[in-house]
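Asker: This is the structure I have questions about; it appears just below.
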Amino acid sequence: MPPLTEVGLSLLDRSRTRAGAPDAAALTGTAARAARAERLGYDRFWVAEHHASPAWPARAAAMS
Numbered sequence: 037m038p039p040l041t042e043v044g045l046s047l048l049d050r051s052r053t054r055a056g057a058p059d060a061a062a063l064t065g066t067a068a069r070a071a072r073a074e075r076l077g078y079d080r081f082w083v084a085e086h087h088a089s090p091a092w093p094a095r096a097a098a099m100s
């Protein structure tokens, strides 16, 4: 286990869509941000899961 003085950094991405842009653009942006976070040394990259909301392309498949 790491020492208690060591704190890992994480990012949370919501994969938000933009008006008039395809869902794929939001997901491409999420992938680009994840790659950048990895290069910058972040420990984790989380992607939010949204249920029954067409405004978010990262919906839980079983709930869509």
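The numbering used here puts the first residue of the sequence shown at 37, with every later residue one more than the last. All C-beta atoms, glycine included, are put in the ideal place defined by N, C-alpha and C. This one's a predicted model, so the numbers in the text were calculated from it and none came from an experiment.
Quick one: does A70 have its CB under 8 Å from some CB of chain B?
Answerer: The structure shown has no chain B; it contains just one protein chain.
Asker: Determine the extent of the alpha helix (DSSP H) in which L63 is found, giving its start and end residues.
Answerer: As a first step, residue 63 must be located in the sequence shown, where it is residue number 27. 59-75 is the extent of the alpha helix (DSSP H) around L63.
Asker: Relative to the alpha-carbon of G65, which residue among A55, D49, E74, R75 has its alpha-carbon at the smallest distance?
Answerer: For the purposes of this step, residue 65 is taken as the residue at position 29 of the sequence shown. It is D49.
Asker: S46 by DSSP, collapsed to three states: which one?
Answerer: Looking up residue 46 in the sequence shown gives position 10. Correct three-state label for S46: strand.
Asker: Might you give, ordered along the chain, the residues of its own chain that have their beta carbon closer than 6 Å to the beta carbon of Y78, omitting 5 neighbours on each side?
Answerer: On the sequence shown, position 42 is the one that residue 78 refers to. The answer, listed in chain order, is L45, L47.
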